[in-house]
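Enquirer:
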Amino acid sequence: MKNDVLSTPGHLISLAARGFARLSEARLKPLGFGVGYLPVLIALQNGKASTQRDLARFAKVEQPPMAQMLARMERDGLIQRTPHPDDRRSSRIVLTRAAQARLPDAIETLFKGNRDAMDGFTEEEAVQLVALLTRLIENLDQITTGVDGNKLRN
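Everything in the sequence shown is counted per our numbering, starting at 1 for the first residue and increasing by one.
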């Protein structure tokens, strides 16, 4: 079992992530959202970010993919860009009213998907799983980020 690459945490977590993504996409599509949009929508809703740079940091993605996602979200009527008052090169990004109106249903849809996926788990097991995954993500962030804050190239 130790040498079975298909039983490693990395592989199993990857399978689980893909399963969650498929479930979420299927359930969010009728609401006009993609699962990849959610970190941006939540950051904008909570006031955690309002520029492309801030959103990229929050969602832990590079700037070019964030720019592409924001263009799709703008096309889909989910966000609006306005000139940034302090930086002419930047735009402030806000949720449209349509996105604000549909976001609570999308969040509830995601919570329901998580509850469905955790069927058969005790509350304690679910809490433990979240704690373990959080630690794992922190470890991976430490491994992949150099001392100076730049991503390692290896």
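Backbone N, C-alpha and C define an ideal beta-carbon position, used for all residues, glycine too. Everything numeric in this text was worked out from a predicted model, so none of it was measured.
1. Would you say residue 109 and residue 41 are within 9 Å of each other, going by their C-beta atoms?
2. For residue 135, count the other beta carbons within 10 Å of its own beta carbon; 16 or more makes it buried, fewer makes it exposed. Which is it?
3. Considering only the alpha carbon of each residue, which of 80, 11, 26 lies closest to residue 113?
4. Is the segment 79 to 92 in contact with the segment 122 to 136, if contact means three or more CB pairs nearer than 8 Å?
5. Beta strand (DSSP E) containing residue 83: first to last residue?
6. Hey, is the segment 91 to 98 in contact with the segment 48 to 57, meaning 3+ C-beta pairs nearer than 8 Å?
7. Quick test of the definition: if touching needs 3 or more C-beta pairs under 8 Å, does the segment 1 to 17 touch the segment 61 to 79?
8. How many whole angstroms separate the CB atoms of residue 33 and residue 106, which I take to be in contact at a CB cut-off of 8 Å?
9. Enumerate in chain order the residues of its own chain whose CB-to-CB distance from residue 21 is below 7 Å, with the five nearest sequence positions on each side excluded.
Expert: Let's see:
1. no
2. exposed
3. 26
4. no
5. 79 to 83
6. yes
7. no
8. 5 Å
9. 35
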